[in-house]
Amino acid sequence: MVNLTIDDTQVTVPKDATIFDAAKAAGIRIPILCHDKKLQPFGGCRMCLVEVEQMKGRQIPACTTPVTEGMIVRTTTDEIVKARKLVLELLLLKHPIDCPVCDAAGDCDLQNLTYEYKVNLNRFQDEKFQHQIDYENPLIERDMNRCIHCGKCARICDEIVSYGAYTFMNRGIEAKIGTEFDGPLNCEFCGSCVSVCPVGALISRPFKFKARWWALNKVKSVCSYCGTGCQLTLGVKDGKVLTTIYDENQGFHNGQLCTRGRFGYQFVNSDKRLATPLIRKNGVLQQASWDEALTLVAAKLAEAKNAGGKAVAGLVTARLTNEELFLFKKLFKDGLGSDNIDHSAGYAHAALTAGAMESFGTVASPAAISDIQASDLLLVVKTDAYETHPVLGFEINLGVKRKEIDLRIISDKRGKLAKLPKAVTYVHKPGQEVALVNALAQVILAENLQDATATGIEGFEALKQQLADYAPENVAATCGLDADAIKNLARDYAKAAKALIILPLGLGYPGHGKALAQAIANLTLLTGKVGKEGCGVLYLGEKNNSQGAADLGVYPTAGGADADAIMTGCLNGSIKTLIVAGENPVVSYPDRKRVEAALDKVEFLVVQDLFLTETAAKAHVVLPACSFAEKGGTYTSVGRAVQRINQAIKPVGEARSDFAILNGLVASLTGSAPYADVAAVFAEIAATVPAYAGLSLAELGDTGAILPVTIKPRFVPAGAAVIPVESGKLALVTGSALYHCGTMSRFGEGPMHVCPEGYVELGRDDARALSVKEGDTVVVKSASGELKLKAKVGTRMPQGVVFAPYHFGEASVNSIAAGAAVTWVSISK
Amino acid sequence: MIMPLLQGLKITFLHMFKKPVTLQYPKERPVVVPNYRGLHALKVSHEQAKCVACYLCPTVCPAKCITVEAGEDAKHDKYAARYEIDLLRCIFCGYCVEACPVDALKMTQEFELANYKREDFVFVKERLLEKK
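Residue numbers (the numbering used here), protein chains in the order written: chain D, 1 to 829; chain Z, 1001 to 1132.
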């Protein structure tokens, strides 16, 4: 620690702090334009000049100067104010004074400082810039005339996003922030550059001219897309969510968001939102009143209850709040006496609900998000971890770049993460993850690299026997990897002091199920890399509340039917009533034809959703539900963080929250009084779910709480499924596109601007062999059907493997993929 | 008893030969001073409203009577797609004119603002445009 004096205040700060950090710790504000707490110091704007007594009155930048013992710093003297005024005058020389039409006004650092330093006149005169303004981009508008060359956009894109869309170009007075060949912006559109721009040079196009910053009501919430659990601030005006607001002090990610979080909010106020309940009359869905709809649903459910509850089932999305999921479970368990309830766990989250449950004795990941940067070696299963959870991808970027974490990726394709410095990617044949992970474990056993604790864990001998078949030499050929590469990876993993494994889950990844989760668990247990800082496994649940759904047991726990069995039940007539809350099985569950047939067959289908989805269109009763912006509650994210969402706007139309709907149904079916509010249900969750013990909704506050996890380790041998190889065909793997999450992001304008339809991604060699060019429409044919998709050609896919995202309703990939890890397809023009 | 009555009538009689002190409105029109704060007008330049929809007038308005919605025109410029003043709420303080950074708003000498229906007091953009 270093002691210094700033403006007569004694401060003690760590020795790697800068004067700026020290002043901040002492509560002294030093004006900045080019500095951001997330970025490396830059020292470009000269606004933060301070005087240090030991340096004989020289003015030095506070943001780049490290503190030294006994420093005496002055932050505001007449000389400094004069210097800062000069900086502002020089900036205003070129900066257009178009504040009335600039969206940054009110939240503009330059404007605020100009006001603060009373720069009313300018001693200098010059012409303004005449750069062309980029109006074409649907998400980010670039007006380089307003740019003050702080370089924050270029730095955040490089340091955190690791994309590098911007850089300074040209020299001297002609210098400007440019893109690749000064062309249109073609990046990930995460909008990080917009969030840090101190002026209005980069603005959000969907929000352009919509409202003034000061007129927005700012409501803190949690993103409702992926499971990362990014906190965000919604900008609300006149009952509409107009934008997301950057707050650098929010969450582990410091306000950093991905394209879905920042630009995907429009689904909340979409024109397509359902406004009234719908009831099918004479084969057509017709508007109805809530009373009519709820009476009908309650009557049908009471009928089902009296029939014994076996014939009723529920599918719920893991996007609902913990409180809603709890009520859904209660409705089935206590209200209907049924255990036929699932949140696509069987398809997407079996890694948590079955895999982690058997291996670790808990349904949660034995690691937290903070472990990513605390680790020495990251083993990421599939580069898709970046696409499914982009903000965790930023954490990986930061770890690799700043903390020199050794990044290893085992994946069936290359991707963004593979491009990180020193990242090593082991591209294996699709569907061979389990065999590969088992081979790693086998090497560790064979070379005696296991941790001393491993032998004491139940099931060690059985595992040892089972792994004997997975010697790298046996597995290498089927995996398409070199046996030595596998051995080296295993050695590096075992020898790293701290190592973390990251496994993304989701409906697009049918191979990432129970077996893979257990194979990975075995690997961590063998090497003792669990239960310590920077170690363990992070199972990345797909949806915002996947972890909550697993915690609350929203899957069959007493022999009931899971999602797959519910579909079978609907088809064979054993399930007659089905409640679907927020799920869209028609698009997201494997084998579309089968799902459609099942939903057509079921006698009474109730769908609670925001939109008239492909599934809702088949319903007998559709109940309009509320989005995350219209209700309160809690979500539990990947890192087991329980965080609060707050109501920002009134429900759209007559929509009611799933909480209100389920609360009413539970009360009418159990005959008990309905819960008073969300807090009452949360209190019951805290009382009944061990991990949530002791929590209360009020105490969660803005930051939330990290749930404790205790593991009961056990080795469960995980056998690799044999992937039949069909020669002459291409292996289709499904997954997530960076711009989308589940099927909900389709209703946000932002994601649809950049990724409006499904596609099939081919490697260059395959594309050449098939003479397919980027943008061509190709026919993808599998055993279960065929599809027309746009082709995308790149360097990401290895030869013989093609990729398609699963989010889209039209030409949905599940009409050709039936839930196998790999679907063999042929592609023709 | 009769005297006070006659005295009163005398005053009345004398007034018949004096010039009236009141303004004979509406036959006579008052002279409105130039800085009178009457009905607002949106100034027009190059055949369009000068207003750039900066939202400063609704921000400064103490009576919250101004509603602005910005739009983007074909040249990507900002303009007021909607500009409304609710005169029933307006207190004619003139802060809106003072706040306007582009001199797009003025207050005219128009003072005859009575109307029959409440909705007629909401002046939309077309009604506010300066008449030349």
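For every residue, glycine included, the Cβ atom is placed at its ideal position computed from N, Cα and C.
Once you ignore the five residues that flank residue i on each side, which residues in its own chain have a CB closer than 6 Å to its CB?
i: L33(D); result: C45, M47, D109, C150 and P198
i: I579(D); result: G314 and V606
i: E1069(Z); result: A1081 and R1082
i: S668(D); result: A298
i: F604(D); result: K300, T577 and H620
Please check if any C-beta of chain Z sits within less than 8 Å of the C-beta of residue i.
i: V101(D); result: yes
i: R212(D); result: yes
i: F209(D); result: yes
i: A104(D); result: no
i: A565(D); result: no
i: A201(D); result: no
i: Y135(D); result: yes
i: A215(D); result: yes
Using a Cβ-Cβ cut-off of 8 Å, state whether residue i counts as contacting chain D.
i: H1040(Z); result: no
i: H1076(Z); result: yes
i: G1094(Z); result: no
i: P1062(Z); result: no
i: Y1083(Z); result: no
i: P1101(Z); result: yes
i: A1070(Z); result: yes
i: T1059(Z); result: yes
i: C1065(Z); result: no
i: V1052(Z); result: yes
i: Y1116(Z); result: no
i: Y1055(Z); result: yes
Would DSSP call residue i helix, strand or coil?
i: G178(D); result: strand
i: I909(D); result: Because residue 909(D) is not part of the residues shown, which for chain D are 1 to 829, the question remains open.
i: Y493(D); result: helix
i: D342(D); result: strand
i: A452(D); result: coil
i: H349(D); result: helix
i: L507(D); result: coil
i: V1124(Z); result: coil
i: V1021(Z); result: coil
i: R74(D); result: strand
i: L49(D); result: strand
i: T734(D); result: strand
What residue range does the alpha helix (DSSP H) around residue i cover?
i: A698(D); result: L697 to L700
i: G548(D); result: S546 to D551
i: K220(D); result: Where K220(D) is concerned, there is no enclosing alpha helix (DSSP H), although the beta strand (DSSP E) it sits in stretches over N217 to V222.
i: Y539(D); result: Y539(D) -> not in any alpha helix (DSSP H); beta strand (DSSP E) instead, spanning G536 to L540.
i: L1042(Z); result: From DSSP, L1042(Z) is part of no alpha helix (DSSP H) but of the beta strand (DSSP E) over H1040 to L1042.
i: I30(D); result: Segment: none, I30(D) is in no alpha helix (DSSP H) and carries neither H nor E.
i: N322(D); result: N322 to K330
i: L526(D); result: K514 to L526
Report all residues from its chain with a CB closer than 7 Å to the CB of residue i; omit the five preceding and five following residues, and keep chain order.
i: S736(D); result: D384, E387, T388, G506, G508 and P805
i: P1058(Z); result: I1066, T1067 and V1068
i: Q799(D); result: G763, D765 and D766
i: V1060(Z); result: Y1095, C1096 and A1099
Looking at the unbroken beta strand (DSSP E) that takes in residue i, where does it start and where does it end?
i: D1086(Z); result: K1078 to D1086
i: Q59(D); result: Q59 to P61
i: N3(D); result: V2 to I6
If you measure from the CB of residue i, is any heavy atom of the ligand HEM nearer than 7 Å?
i: V236(D); result: The ligand HEM is not part of the structure shown, which contains no ligands of any sort.
Leaving out five residues before and five after residue i in sequence, what residues of the same chain have Cβ atoms less than 8 Å from its Cβ?
i: L139(D); result: F189, G191, S204, R205, P206, T259, F263, G750, H753 and V754
i: F124(D); result: E89, L90 and L93
Query - Every unbroken alpha helix (DSSP H) within the segment 246-294 of chain D, with a cutoff of 4 residues, ordered by chain - result: 259-263
**Report entry** Runs of alpha helix (DSSP H) lying entirely within the segment 610-681 of chain D, each at least 4 residues, in chain order
**Finding:** 658-670
**Report entry** Residue ranges of each beta strand (DSSP E) within the segment 356-440 of chain D, 3 or longer
**Finding:** 377-381, 406-411 and 424-427
Query raised in the report: In chain order, which continuous runs of the alpha helix (DSSP H) of length 4 or greater are located wholly inside the segment 123-202 of chain D?
Result: 152-159 and 192-196
Query - Completely contained alpha helix (DSSP H) runs for the segment 763-825 of chain D, where each covers 4 or more residues - result: 764-769
Query raised in the report: In the segment 565-616 of chain D, which residue ranges form an unbroken beta strand (DSSP E) of at least 3 residues, counting only runs that do not cross its ends?
Result: 577-581 and 604-609
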